[in-house]
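Each remark here refers to the structure printed beneath this line.
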Amino acid sequence: MGKLTELEQWDEDVYQIETSDPVLGGPDGISNRPQKQLANRTQWLKKRLEDANNALAEHEKSRNHPDATLTAKGFVRLYSAVNSMDETMAATPKAVKIAMDNANARLAKERNLADLPSIPLALANLTLADVKKIRRVHQHRRQQTTPAPPIQRR
Numbered sequence: 107m108g109k110l111t112e113l114e115q116w117d118e119d120v121y122q123i124e125t126s127d128p129v130l131g132g133p134d135g136i137s138n139r140p141q142k143q144l145a146n147r148t149q150w151l152k153k154r155l156e157d158a159n160n161a162l163a164e165h166e167k168s169r170n171h172p173d174a175t176l177t178a179k180g181f182v183r184l185y186s187a188v189n190s191m192d193e194t195m196a197a198t199p200k201a202v203k204i205a206m207d208n209a210n211a212r213l214a215k216e217r218n219l220a221d222l223p224s225i226p227l228a229l230a231n232l233t234l235a236d237v238k239k240i241r242r243v244h245q246h247r248r249q250q251t252t253p254a255p256p257i258q259r260r
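In structure tokens, the structure reads:
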């Protein structure tokens, strides 16, 4: 029993044995032509798959990977500090927690300055211009929320 020699090549078509073809065996026989062509394609595909797997394995081991940007996927560098303006690094959960804890420790708007740590110090830091501005805002708000007095009829 003989073996057909396989080549690493892509044969464009696979020969169809016609009813008029004589049955000829052997390496170059017409009866073995389709099998040879399919075997060649198989070898060609195996080689391409092996090359792709090797290239992927080599790429995985390398440091040649794209960095992420605001518009493209890629690798990011993580950063735990909260005082950076760098947009090329990603915040870690630790950094997010620090920022959230900081925000939660700030004055709550709905407390109307009742949660000031030092009211005398806050008052000492106000300037006359600040006080005038606060009064104007306060009067403006009061005018918007106070209903007009009823009209008296005689």
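In the working numbering, the protein residues as written are 107 to 260.
Where is the CB? At the ideal position from N, CA and C, for every residue including glycine.
The structure displayed is predicted, hence computed values, not measured ones.
Asp192 is bridged by DSSP to nothing; it lacks a bridge partner. Annotation: Lys153 to Gln122 spans about 25 angstroms, alpha carbon to alpha carbon. In this structure, the alpha-carbon of Leu229 lies about 38 angstroms from that of Tyr185. With contact defined as three or more Cβ pairs closer than 8 angstroms, the segment 155-175 and the segment 124-134 are not in contact. With contacts defined by Cβ atoms closer than 7 angstroms, Asp173 and Phe181 form a contacting pair. Around the beta carbon of Asn189, fewer than 16 other beta carbons sit within 10 angstroms, so the residue counts as exposed. DSSP places Leu162 inside the alpha helix (DSSP H), whose first and last residues are Arg139 to Lys167. Here Trp116 really is in contact with Arg147; their C-beta atoms are around 6 angstroms apart, less than 8 angstroms. For Leu184, the enclosing beta strand (DSSP E) begins and ends at Arg183 to Tyr185. For Asp173, no alpha helix (DSSP H) segment is defined, and its DSSP state is neither H nor E. Boundaries cannot be given for Ala211, as no alpha helix (DSSP H) includes it and DSSP labels it neither H nor E. Exclusion of the five residues before and after Lys200 leaves Ser186 as the residues of its chain whose Cβ lies within less than 7 angstroms of its Cβ.
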